[in-house]
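To convert, count from 1 in the sequence shown and add 394; that's the numbering used here. Positions of the beta carbon are idealized from the N, C-alpha and C atoms, including for glycine. Here the structure comes first, spelled out in structure tokens, and everything after it is commentary.
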Amino acid sequence: LTMQSALEQYYTENRKFPKSAQIIPDPNDPGALYSEIVEKGYMTFLPSDPLGATPYYYKSDGTDIAPSWNPTAPNATQYVIFAQLEQSNDSDATASKYLPITNDTRTTYSITTLGGDTYTYNYWVSSK
């Protein structure tokens with residue numbers, strides 16, 4: 395079962411996605427995504443980057459982590475999962491893609507964690 399499939403199954407049963415903005419997996423803080431997806435049996439573990447270079451990142455609407463994405467929403471109705479493709483010339487990495495968080499089209503998206511680590515992602519999937 396893919397993470398995207400698990401999230402869609404979760405949404406079908408709960409009429410919302412897990413509300414969170416977090417690195418996947420975060421060894422210091424498993425977070426809401428872990429408790430909602432793994433502990434409730436939708437997946438047995440959260441996947442990680444097989445090369446370990448850049449962790450995945452999950453963000454739902456209804457969060458106020460910058461940039462805010464509909465922070466007053468009572469339930470998360472959209473999500474984005476980010477990854478860094480190692481082959482930077484891969485057509486999926488270089489293509490302009492719609493990003494619901496920013497409501498625009500771009501080729502990369504960067505985040506800075508509360509710990510000061512910065513990650514730049516060139517690939518993402520979203521619920522919309």
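- Proximity to Asn497 across Ala447, Tyr452, Ile418 and Asn464 peaks at Asn464, based on C-alpha coordinates.
- Here Pro444 is not near Val432, since their CB atoms are 9 Å or more apart.
- Of the residues assessed, Glu430 falls on the buried side of the cut-off, its CB having 16 or more other CB atoms within 10 angstroms.
- A distance below 7 Å between beta-carbons, with the five flanking residues on each side excluded, links Ile417 to the following residues of its chain, in chain order: Pro449, Tyr451 and Thr507.
- If you look at Asp486, you'll find it in the alpha helix (DSSP H) that goes Ser485 to Thr488.
- Straight across, the Cα-Cα distance linking Lys434 with Leu427 is about 10 Å.
- Within the DSSP secondary-structure output, Val474 pairs in a beta bridge with Lys453 and Ser520.
- In the three-state scheme derived from DSSP, where H, G and I count as helix and E and B as strand, Ala415 is classed as strand.
- For Ser504, the uninterrupted beta strand (DSSP E) run begins and ends at Tyr503 to Thr506, by DSSP.
- If you draw a straight line from the Cα of Tyr436 to the Cα of Ser442, it is about 16 Å long.
- Between Ser414 and Thr466 the beta-carbon gap is near 16 Å, outside 8 Å, which marks them as no contact.
- Membership of Leu493 in any alpha helix (DSSP H) is not indicated; the residue belongs instead to the beta strand (DSSP E) covering Lys491 to Leu493.
- Gln403 and Phe411 have their alpha carbons spaced roughly 9 Å apart.
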